[in-house]
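Worksheet: one structure, shown below.
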Amino acid sequence: MISRTQKLVTAIAIAGILVVSACSDGRGTLSPQLRAPSEGGRLQEMTSCGASFTAITDETDSLMTAYGIGSSSDTVNVCESWTGSDYDYQVAGAGSSDNVPGFADTVQTVAYQSAYLNGYTQSGAPAADPTNVGTLFDFVVADNPTRQASYDEPYYGVSSHDPNACTQPPCPVMSRASQPPTASSSSKSTPPQSRPDVLVGIVDTLFTRHGLSRRGVRALVNESEEITRSAQGYRRFRMVTAGMTVVRSIDPLTQLLMAEQSDSAGNSMAVTHRWTKVVGGYLLDRSDYVSVETIGGRQVRSFGSVRIRNTRISDPAYPPLNLPIPAN
């Protein structure tokens with residue numbers, strides 16, 4: 027059975043990590059060599075969030091249905107902050123269908139910081155010893171394009187500023203440090219490995235291979251080859267690595283990530299995204315997915331959705347981008 031710890035960290039599928047489409051690119055990364063705490067301390071709530079939102083997940087699994095277990099639903103509150111090379115992350119359970127008979131899990135909050143993942147009970151006490159998982163990218167097995175996209179726009183998974191948008195002049199300094207490009211992603215237009223801060227409204231020269239200017243998205247497909255357009259008219263970009271084929275679909279008008287398809291031997295996942303227009307950009311509204319996995323020679327199909335609510339981008343290094351507050 028899937029533990030609450032695992033359910034809670036599925037929220038990391040959003041907010042710039044996009045685990046639902048992440049795949050291993052076989053390169054691996056170096057994990058920070060930190061000394062494990064001698065004992066887990068009580069939960070220290072994150073006092074500020076670069077981005078925060080509520081994720082409501084609903085899932086139906088054909089294997090669980092066969093055992094009389096219906097659809098599951100979980101609500102979590104997510105707080106994340108980009109540190110310049112990784113995320114600080116906290117996911118707290120706010121509600122659950124708890125529909126697995128005879129199964130109980132005391133973990134209510136999952137926190138990640140500086141290579142360690144911690145689980146906490148409702149009272150804030152540690153549920154287990156801290157676990158060294160490397161970086162958050164290592165933990166979710168993020169592929170290289172996903173890592174690059176996070177460096178380019180750390181909160182691209184739930185928000186996207188319009189290119190050149192500046193809603194509150196004078197615009198703040200962006201303070202983004204780009205990740206050194208890999209050999210496969212280098213091109214004639216790739217700048218030096220480090221660059222000065224840039225201002226909102228100034229178009230830099232990173233990830234220009236496909237003529238996209240929306241941050242995060244442009245890095246996500248920079249290593250891919252463009253193929254024929256989808257039936258909806260979306261531009262499609264394909265990458266094949268480590269036995270997996272990933273196709274990402276981009277709206278040619280908004281340059282938003284609209285769909286992702288991942289296929290490997292016996293397994294596949296299709297994800298579609300829906301966005302809400304706000305002043306200065308877009309916020310993710312919903313992601314729906316269908317996955318097919320072969321287990322013991324049997325195909326197991328899962329259907330699910332992740333609804334995103336109450337999104338706030340509060341990182342002072344980035345322009346604010348929030349849903350409008352409904353009038354009373």
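When we follow this note's numbering, the leftmost residue of the sequence shown carries the number 27, and every step to the right adds one.
Note that CB positions come from ideal geometry on N, CA and C, so glycine has one too.
Predicted model, so just to flag it, every value in this text is computed and none were measured.
Where does the unbroken alpha helix (DSSP H) through residue i begin, and where does it stop?
i: residue 231; result: Unbroken run through residue 231: none, as it is neither H nor E.
i: residue 173; result: 170–178
Can you tell me where the beta strand (DSSP E) holding residue i begins and where it ends?
i: residue 244; result: Run containing residue 244: none in the beta strand (DSSP E); it sits in the alpha helix (DSSP H), 243–246.
i: residue 135; result: 135–139
i: residue 162; result: That residue, residue 162, is in no beta strand (DSSP E); its alpha helix (DSSP H) goes 162–165.
i: residue 159; result: Note, residue 159: premise wrong, no beta strand (DSSP E); not H, not E.
i: residue 240; result: No beta strand (DSSP E) contains residue 240, which DSSP labels as neither H nor E.
i: residue 332; result: 324–339
i: residue 101; result: 98–108
i: residue 186; result: 185–187
i: residue 142; result: 142–146
Is the Cβ of residue i closer than 8 Å to any Cβ of chain D?
i: residue 299; result: Reference to chain D is not applicable here, since this structure consists of a single protein chain.
Please state whether the Cβ-Cβ distance between residue i and residue j is less than 8 Å.
i: residue 243; j: residue 276; result: yes
i: residue 289; j: residue 270; result: yes
i: residue 182; j: residue 241; result: yes
i: residue 316; j: residue 300; result: no
i: residue 150; j: residue 68; result: yes
i: residue 282; j: residue 140; result: no
i: residue 85; j: residue 98; result: yes
i: residue 255; j: residue 263; result: no
i: residue 245; j: residue 178; result: yes
i: residue 239; j: residue 189; result: yes
Just to check my reading of the structure: residue i and residue j have Cβ atoms closer than 8 Å, yes? What is that Cβ distance to the nearest angstrom?
i: residue 310; j: residue 133; result: With 8 Å as the limit, residue 310 and residue 133 do not qualify as a contact, their Cβ atoms being about 26 Å apart.
i: residue 142; j: residue 152; result: That belief does not hold up - the Cβ atoms of residue 142 and residue 152 are roughly 11 Å apart, past 8 Å.
i: residue 312; j: residue 334; result: 7 Å
i: residue 160; j: residue 154; result: So it is not a contact: roughly 18 Å between Cβ atoms.
i: residue 293; j: residue 319; result: 5 Å
Mind checking whether the beta-carbon of residue i lies closer than 7 Å to any heavy atom of the ligand SAM?
i: residue 153; result: As far as ligands go, the structure on display features none, and thus does not contain the ligand SAM.
Which ranges would you report for the beta strand (DSSP E) in the segment 249–312 if only whole runs of at least 3 residues count?
You should have 251–253, 261–267, 270–276, 283–290, 293–304.
Does the segment 95–107 come close enough to the segment 71–84 that 3 or more CB-CB pairs lie under 8 Å?
Taking 8 Å as the limit for Cβ pairs, the verdict is that the segment 95–107 does touch the segment 71–84.
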